[in-house]
Structures are given as structure tokens and as C-alpha cells.
Amino acid sequence: MSLIADYGLVLLLLACLFGFFMAWGVGANDVANAMGTSVGSRALTIKQAILIAMVFEFCGAYLAGGQVTETIKSGIVDASIISPELMVLGMMSALLAAGTWLLVASTRGWPVSTTHSIVGAVIGFAAFGVSMDAVHWSKVGPIVASWVVSPVLSGVVAFGVFVSVQKLIIDTDQPFLNAKRYVPVYMFLTGFMVSIMTVTKGLKHIGLNLSGSEGFFLSLAIGVAVMLLGIALLSRIKIDLEADKAFHYASVEKVFAVLMIFTACAMAFAHGSNDVANAVGPLAAIVGVIQSGGEAVGAKAALPSWVLLLGAVGIVIGLATYGYKVIATIGKEITELTPSRGFAAELATATTVVGASAIGLPVSTTHTLVGAVLGVGIARGIGALNLGVIGKIFMSWIITLPVGAALSILFFLILRAVFGGV
1 MSLIADYGLV LLLLACLFGF FMAWGVGAND VANAMGTSVG SRALTIKQAI
51 LIAMVFEFCG AYLAGGQVTE TIKSGIVDAS IISPELMVLG MMSALLAAGT
101 WLLVASTRGW PVSTTHSIVG AVIGFAAFGV SMDAVHWSKV GPIVASWVVS
151 PVLSGVVAFG VFVSVQKLII DTDQPFLNAK RYVPVYMFLT GFMVSIMTVT
201 KGLKHIGLNL SGSEGFFLSL AIGVAVMLLG IALLSRIKID LEADKAFHYA
251 SVEKVFAVLM IFTACAMAFA HGSNDVANAV GPLAAIVGVI QSGGEAVGAK
301 AALPSWVLLL GAVGIVIGLA TYGYKVIATI GKEITELTPS RGFAAELATA
351 TTVVGASAIG LPVSTTHTLV GAVLGVGIAR GIGALNLGVI GKIFMSWIIT
401 LPVGAALSIL FFLILRAVFG GV
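Position 9, counted from 1, in the sequence shown is what UniProt numbering calls 9; the numbers after and before it change by one each time, with no gaps.
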């Protein structure tokens, strides 16, 4: 216990710094996934997207981020066979490794997975620094499977949503009138789907426990409120005959641009709820060990609200300072996006991510959104996709996990040397 007794405060401060660095990386790289489609389809400007994301990412991370954090904190490694000192140094090296890789990727505009980065880093330190048995390989399987399942699932949902938009609105005799008729239904679905996860799962750690039926009816009410607000906004949009001459569906896309604001908010909230875990999960494990004086490695320590707050603030600062680079890749380079296409991709992504958060599965928002954008592209024909850019994105995904593990091992060796060869 000497390491924790001697250096407890120093370790805690360093862990908070590394956790903040990792959260900054999540904001710089991953939040672009939440906003890329809105900016790429010109429904929002970069400034508007960053403002929306700052508010809703923060709320998602702080209000609904507790569920997935448990999986990252204690689900991947067997805490019972890792000494408190190794747990602290290992989780610190994992945060530093994942943050470093995200910094490199963000400067180059690569949309990599923060979930891959941190899971790879945690596995790297546990397998190298402790033993291969320290990794719950059975828990790693479902997480790895989710990296394949989530883009396929969101691609299928996006394909279905976009086809429904084509059938109900675009391929009809009066697309503008039908857009005004059906878009409020899509708004209701967006509001309901995000709120049901938040009120039933996410608010427990701030002391609000609702029963299933109470949560369901509250979510219905929120969905209806979103729909009514949408109807009020849509009533101001008039058909633009001049614009429609240049592009037959210009007026319809204006209706969808309003809808994109709602899905962008939902997407940012869903992302904050799932991906804050990547930054604060390891930090929560470190805090639990240090606060218990090295006793509670395997115990389920309560997630302190200040840890979620630190993660939420880090995400917002990362987005504001560096988020624009990856936004350009996602929004403009995979396939040409219009508001109706961007909406289909965002609703599908938010649905998949929120569903995964509800069952505590840390899925990659990057994979989910790229899968959804591909689904929309495929609905328009394979020629609509920029296969060169997609190839680069897939390559960056493949190398993220091993790079995260390798950096984690390197930082683990450095930390172990600095703190006296534990």
C-alpha cells in the first residue's frame, strides 16, 4: 500500500489530468461524429453545431453517462487479481495512451474510435503488466462484436428510415406538403427515443428513480413536446418556388433542416451518455482505489458526480478547440449529404447508441455513424459513396486497438519506473 499512501494526492491529480486529456480527445475526435452530418448537409453552421454539442454533450455525459462507465471501469479486467498499485498505474497509462492516439488522429482529421482506443489501452496494460488472465476475455468478445454489429445495425436502420422518407415524402406528388405532414412524426420518435433511455437508466446516479411506466409516460410527454415545438417551427417555412426550380426538393430539404437540429441535439446527448465512459471509466477506478486507501479494487465504488463533471467539461473543450477537422471528414467526404439524408443517418445512429448505452455496451459512435452514412449512401446506389475515403477510415479503425495497447504498455513501463518499480 506504500505507493498509494506515499503518492496518493500526486496520483489523484495526475489521474484527473490524464482523464481530462482523454475527455479532450473524445471531444476533439468523436463529437465530430455527432455533428458531422448536420454540418455536411448545411443544416447547421460549424459555430451552431459546436454550441448545440456543447450543451447536449454535457447534459448527456453528466446526466446519463453512469451506465456504460461501469463496463469500462470494472468489466474488461479482473480487478480482484490486480494489486491496487498496478490498477492505478495501469488505468493512468490507459488514459494517457488513448488520449495521445486521439490527439494524433484529430490533428490529421481521422475519425477513429475513442472506444477502441481506451478498450485497447486497458487490455494492453492488464495483459502485459499483470497477466493474460487479468483480462475478462469473455467480456471483450461482446464489445468487439458490437464494433461489427453496431455499424451494420445503424446502416440497416438508416437505410430503412431513408427509404421511408423517399416513399412518404420525396417520391410523392406533393413532397413539400407531405414533408410538413410526416416530419413531426419523425420529431416525436427522436424526442421519445432519447428521453426514454435518459429517464429510465441515466438519472439514477443523480437520485431520480422512476418506475418503468413513469419513465415511459414522461418520455411520451417529451416526445409530444418536441413534436409540437417542431410543428411551430415548420409552420414558418413557406414553399420556395425559385429554389425548387434549381433543385426540385429545395423546399422539402428546408423542412428537414429544421428536423436536423432536433436529431443533432439527440445525437450529441446520446454520444455524451455513451462516450464519457471512455474518459471517466478508468478515472473512476483510480479514484475508487485511492479514496479507499488501496482496499476497494474490486468493490463497486459509487461513481462520484465530479468525475462525470470533469469528463463532460473535457469533452466540451475538446470539441470547441479541435472538433472542426473531423467534422469535415464525416460531413463532406463519405457521401454527399442533404438534410433528409443526414437526418436518416443521425436518427439511426442515435437509436443504436442509446440502445447500446441502455444495456451497458460501449459501442463506437464512429462506427455507428459511418455505418449509418454508408446505409444512406447505399440507398442511393453504391456510386454515391467515396470508397477511397471509406478505405482510409477503415484502416484507421483497424490500427487503433493495437496502437492503444502498445502506447499503454509504453506509458505503463514509464510510470512504473517513475513511481519505484511496483
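We put the CB at the ideal spot given by N, CA and C, even for glycine.
Would residue i pass as a contact of residue j if the rule is Cβ separation under 9 Å?
i	j	result
phenylalanine 58	isoleucine 261	no
residue 437	threonine 45	The structure shown does not extend to residue 437, since the chain spans only 1 to 422, so no value can be given for it.
alanine 61	leucine 308	yes
threonine 263	glycine 342	yes
alanine 270	alanine 350	yes
tryptophan 24	histidine 367	no
threonine 329	tryptophan 137	no
methionine 92	leucine 415	yes
serine 106	threonine 365	no
residue 427	alanine 28	Residue coverage of the chain in this structure runs from 1 to 422, which leaves residue 427 outside it and unanswerable.
valine 26	valine 276	yes
leucine 385	threonine 335	yes
phenylalanine 419	leucine 11	yes
serine 154	alanine 379	no
leucine 347	alanine 266	yes
serine 41	leucine 374	no
isoleucine 50	tyrosine 324	yes
alanine 79	alanine 285	yes
isoleucine 192	glycine 215	What sits at residue 192 in the sequence shown is phenylalanine, not isoleucine. Cβ distance not < 9 Å, so phenylalanine 192 and glycine 215 don't count as in contact.
alanine 320	alanine 43	no
serine 213	serine 195	no
glycine 272	phenylalanine 56	yes
Run through the DSSP bridge pairs and tell me what residue i is partnered with.
i	result
valine 77	Val135
threonine 335	Leu385
Rounded to the nearest angstrom, how far is the Cβ of residue i from that of residue j, given a contact under 8 Å?
i	j	result
alanine 279	glycine 311	4 Å
isoleucine 81	alanine 134	6 Å
In its own chain, which residues sit with a C-beta less than 7 Å from the C-beta of residue i, not counting the 5 before and 5 after it?
i	result
proline 304	Val287
serine 235	none
phenylalanine 125	Gly90, Ser93, Ala94, Ser408, Ile409, Phe412
phenylalanine 162	Arg341, Ala344, Val376, Ala379
Counting only the same chain and skipping the five closest in sequence on each side, list residues whose C-beta sits under 8 Å from that of residue i.
i	result
alanine 299	Residue confidence for alanine 299 is low, a pLDDT of 47 falling below 50, so the modelled location carries little weight; the figure read from the coordinates is stated next. Counting only Cβ-Cβ distances below 8 Å, and skipping sequence neighbours, we find Gly288, Ser292.
serine 4	For clarity, residue 4 is isoleucine in the given sequence; the question names serine instead. Counting only Cβ-Cβ distances below 8 Å, and skipping sequence neighbours, we find Leu11, Pro84, Glu85, Val88, Val289, Ile290, Gly293, Gly294.
Relative to the ligand HEM, is the shortest distance from any of its heavy atoms to the C-beta of residue i smaller than 8 Å?
i	result
serine 292	For the ligand HEM, the structure offers nothing, since it holds no ligand at all.
CB-CB under 6 Å to residue i, same chain, minus the five flanking residues each way: which ones, in chain order?
i	result
alanine 179	Ile169, Val252, Val255
isoleucine 327	Ala32, Met35, Gly36, Val39
residue 437	Any property of residue 437 remains undetermined from this structure, which presents the chain solely from 1 to 422.
phenylalanine 18	Met92, Leu95, Leu96
Original post:
Looking at C-beta atoms only, is the number of pairs between the segment 83 to 103 and the segment 113 to 129 that lie closer than 8 Å three or more?
Top reply: Taking a cut-off of 8 Å for Cβ pairs, the segment 83 to 103 and the segment 113 to 129 touch, as three or more such pairs fall below it.
Taking three-plus beta-carbon pairs below 8 Å as touching, is the segment 180 to 195 in contact with the segment 395 to 411? Segments in contact, no.
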